[in-house]
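Written out below as structure tokens is the structure these notes cover.
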Amino acid sequence: MTYRDIYEGWKADPEAFWMQAATAIDWTRPPSRAFTDTGPAGEWFADAMGNTCWNAVDRHVEAGHGDRLAIIHDSPISGSVHKLTYAQLQARVASLAGALRARGIAPGDTVIIYMPMVPEALEAMLACARLGAIHSVVFGGFAAHELAVRIDDARPKAIIAASCGLEPGRVVHYKPLLDRAIDEARHKPDFCVIFQREQEVAALIPGRDLDWHGFQAGVAPADCVPVAGNHPAYVLYTSGTTGQPKGVVRHTAGHMVALAWSMRHIYDIGAGDVFWAASDVGWVVGHSYICYGPLLAGATTIVFEGKPVGTPDAGTFWRVIAEHGVSSFFTAPTAIRAVRRDDPEGALICDHDISGLKALFLAGERADPDTVAWAAEKLGVPVIDHWWQTETGWAIAANPLGVELLPQKKGSPSVAMPGYDVQVLDETGEPVPPGTLGAIAIRLPLPPGTLPTLWNAEDRFRKAYLSHFPGFYETGDAGYVDEDGYLYIMARTDDVINVAGHRLSTGAMEEVLAAHPAVAECAVIGVSDPLKGQAPLGLLCLKKGVETPHEQIIAEVVRMVRDQIGPVAAFKSACIVERLPKTRSGKILRATMCKIADGEEVKTPATIDDPVILDEVGAALRRIGLGRREEADNPQA
5 MTYRDIYEGW
15 KADPEAFWMQ
25 AATAIDWTRP
35 PSRAFTDTGP
45 AGEWFADAMG
55 NTCWNAVDRH
65 VEAGHGDRLA
75 IIHDSPISGS
85 VHKLTYAQLQ
95 ARVASLAGAL
105 RARGIAPGDT
115 VIIYMPMVPE
125 ALEAMLACAR
135 LGAIHSVVFG
145 GFAAHELAVR
155 IDDARPKAII
165 AASCGLEPGR
175 VVHYKPLLDR
185 AIDEARHKPD
195 FCVIFQREQE
205 VAALIPGRDL
215 DWHGFQAGVA
225 PADCVPVAGN
235 HPAYVLYTSG
245 TTGQPKGVVR
255 HTAGHMVALA
265 WSMRHIYDIG
275 AGDVFWAASD
285 VGWVVGHSYI
295 CYGPLLAGAT
305 TIVFEGKPVG
315 TPDAGTFWRV
325 IAEHGVSSFF
335 TAPTAIRAVR
345 RDDPEGALIC
355 DHDISGLKAL
365 FLAGERADPD
375 TVAWAAEKLG
385 VPVIDHWWQT
395 ETGWAIAANP
405 LGVELLPQKK
415 GSPSVAMPGY
425 DVQVLDETGE
435 PVPPGTLGAI
445 AIRLPLPPGT
455 LPTLWNAEDR
465 FRKAYLSHFP
475 GFYETGDAGY
485 VDEDGYLYIM
495 ARTDDVINVA
505 GHRLSTGAME
515 EVLAAHPAVA
525 ECAVIGVSDP
535 LKGQAPLGLL
545 CLKKGVETPH
555 EQIIAEVVRM
565 VRDQIGPVAA
575 FKSACIVERL
585 PKTRSGKILR
595 ATMCKIADGE
605 EVKTPATIDD
615 PVILDEVGAA
625 LRRIGLGRRE
635 EADNPQA
């Protein structure tokens, strides 16, 4: 079947489509129907009974595939590679689940997981799923206050953590952060389980803290506990505009069905294939496509503890792909831009045999066409941008490699996946013509695997996602659809700037800037302008070894924007920065830079990868007359 056959088949009979997709899952009690119109956004397979851990681990062992590799842990920081078969993973997860059960963890209890990129992080997630406990993974090394906020919201009965994480050149001390977070939080967990790493052995608090291995000794392993289809599998916190994080809820049955469908149809991954998502278990990509998706498919997943550059160089991605036989590779555009910046000719790719790689998938940040073109040329495989969100859990728009590789269009994540009726609306909620920029919304109901609500915050869920456009889920992204149904994501709605009454996409301008041969990475923000309301400003990171004077590069990119977008963009200024501030998942913090440029007070975002970069950007902006003037710069202030 073609993509069009599949998509039209879903539209004609969504109930039958998703009931057929559900046959890929082992059920204790199969669902009697797919969709139930209950709650704020409906529920999928609510009356089914099943267990995610069984489907991700045990059923493969039962089918005789226990010796197949389940997890490859590759840590260039520690210099180690560790492999687990499905049978080994089953034994370890059942043991951990048995120990948690012996300490009182039961279906419906919440457990926070605060771990680095080690196999034990996946084992903790699967052990919770095995028992029907609801896990909430918090990015390892997150600040103590932010962890405390999540402890108070999730109210975990237990916390599973590691003694430390590893970053290039340093050890990140997790245990002191955990201790401070528990001291600050109003809610206190019954106990904490600490996985001691050899790089740092943490001091345990008697009566509260338990050693990972010690507390499992002599305890009977636990079997899988079937739960209802609408039982929460996990809660994952995402940033909220109010400063209070939003707990995205993922129901068990829809989660399994959607991920199983996506692994085969989007990523073209089946049993025995090796899949690598270079993300972190603290993010949604880590949940969907490091832990659950590949294991549901019976594939091998790679847990990578390293960086795209610096561990040891910009060839580390290609080494991992070659050594472990990766078939499909998924990372963020910002990671590829970092690799390109250090190795602009792609010379390090030639050091490794990556002939087994079928495709590179990009998501998490808008994939500019220049980066996509570079990667496609250097790797010699399709480079597939796809678009989704923490809230959806899997791709809204993609090019379905497992069905057919559709013609690719520059700057587009291609077409909507089954389950997603994507519309582009104006401010009144009316559809706009093809090619017209507007707010991207999805007609309800959302498909399986997407959020049914927020944790203990149904009213907030309605206000944040459903109230602006009744009958639709508001994505918060802006873009357009062309005549062929291809979607273009141009910016977050907040990043669409208004220049003298013209609504302009920062993404379109970034495309132009990224095409300059000296530019490795860029961002465009809107800064306050007394005449035009807002004016665009480009921030440019240059490739290594560029010797062209900065003034010349700025003049050239200004001229390029004027030539390709037109005078209406009023693009007249840019500045060179060493680095752009980003979240740990690779998203550029454009809104934060806007505030710095406008001289507003800035609270350092909890998700920022390196807070020092904000100071660097502030200094660069002051040099061109923007931002808050410090006393050292202006004694008269």
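The opening position of the sequence shown corresponds to residue 5 in the numbering used here, with each subsequent residue numbered one higher.
No residue lacks a Cβ here, since even glycine has one placed at the ideal position from N, Cα and C.
- Across the structure, E202 and G631 are spaced so that their CA atoms are roughly 45 Å apart.
- Between the alpha carbons of R105 and H217 lies a gap of roughly 15 Å.
- In this structure, P521 keeps its C-beta atom at 8 Å or more from the C-beta atom of G530.
- For E582, the closest C-alpha among the options V606, A624 and L151 is that of A624.
- Burial is judged here by how many other beta carbons sit within 10 angstroms of a residue's own beta carbon; G511 has at least 16 and is buried.
- Around the CB of G397, 16 or more other CB atoms lie within 10 Å, so the residue is classed as buried.
- For A60 against Y293, the beta-carbon gap comes to about 13 Å, at or over 8 Å, which does not count as contact.
- Around the beta carbon of Q568, fewer than 16 other beta carbons sit within 10 angstroms, so the residue counts as exposed.
- Under DSSP, the beta-bridge partners assigned to F195 are A162.
- Of the candidates P120, A595 and P435, the residue whose Cα lies closest to the Cα of R496 is A595.
- One alpha carbon belongs to P437, the other to N502, and they sit about 20 Å apart.
- At a Cβ-Cβ threshold of 8 Å, G439 and L429 do not count as neighbours.
- DSSP links Y424 through a beta bridge to no other residue.
- Contact between P120 and L170 holds: CB atoms are separated by about 7 Å, below the 8 Å threshold.
- When secondary structure is reduced to three states using DSSP, G360 falls in the coil class, being assigned neither helix nor strand.
- In the three-state reduction of the DSSP assignment, L263 falls in the helix class, which pools H, G and I.
- Secondary structure remark: continuous alpha helix (DSSP H) runs of at least 4 residues inside the region 557-603, in chain order: 594-601.
- DSSP lists W280 and L364 as the beta-bridge partner residues of F333.
- Ranked by Cα distance from G68, the first of G54, F49 and T89 is T89.
- Look at the region 434-507 and you find these whole runs of beta strand (DSSP E), each 3 residues long or longer: 442-447, 476-485, 491-496 and 500-503.
- Note on the region 188-255: whole beta strand (DSSP E) runs with a minimum of 3 residues are 195-199, 213-215, 236-242 and 250-255, in chain order.
- The criterion of a C-beta distance shorter than 8 Å is satisfied by L455 and V252.
- Here V85 is exposed. Its C-beta has fewer than 16 other C-beta atoms within 10 Å.
- Secondary structure note for G169: its beta strand (DSSP E) is the uninterrupted segment C168 to E171.
- Membership of K15 in the alpha helix (DSSP H) is indicated by the continuous run Y7 to A16.
- Under the three-state reduction of DSSP, M53 is assigned to strand.
- In the DSSP assignment, E525 falls within the beta strand (DSSP E) that extends over V523 to D533.
- Between A336 and E381, the C-beta gap is not smaller than 8 Å, which leaves the two residues out of contact.
- Within the region 69-104, complete beta strand (DSSP E) segments of at least 3 residues are found at 73-79 and 84-89, given in chain order.
- Membership of G622 in the alpha helix (DSSP H) is indicated by the continuous run V616 to R627.
- Look at R107 here: in three-state DSSP terms it is coil, with no helix or strand label.
- Counting along the chain, the unbroken alpha helix (DSSP H) around P298 starts and ends at G297 to L300.
- By the Cβ neighbour-count rule, H191 is exposed, with fewer than 16 other Cβ atoms within 10 Å of its own.
- Across the set S140, L130 and D187, the C-alpha of D187 shows the shortest separation from the C-alpha of H149.
- Contact between A137 and P111 holds: their C-beta atoms lie close to 7 Å from each other, under 8 Å.
- In the three-state DSSP reduction, D62 falls in the helix class (H, G or I).
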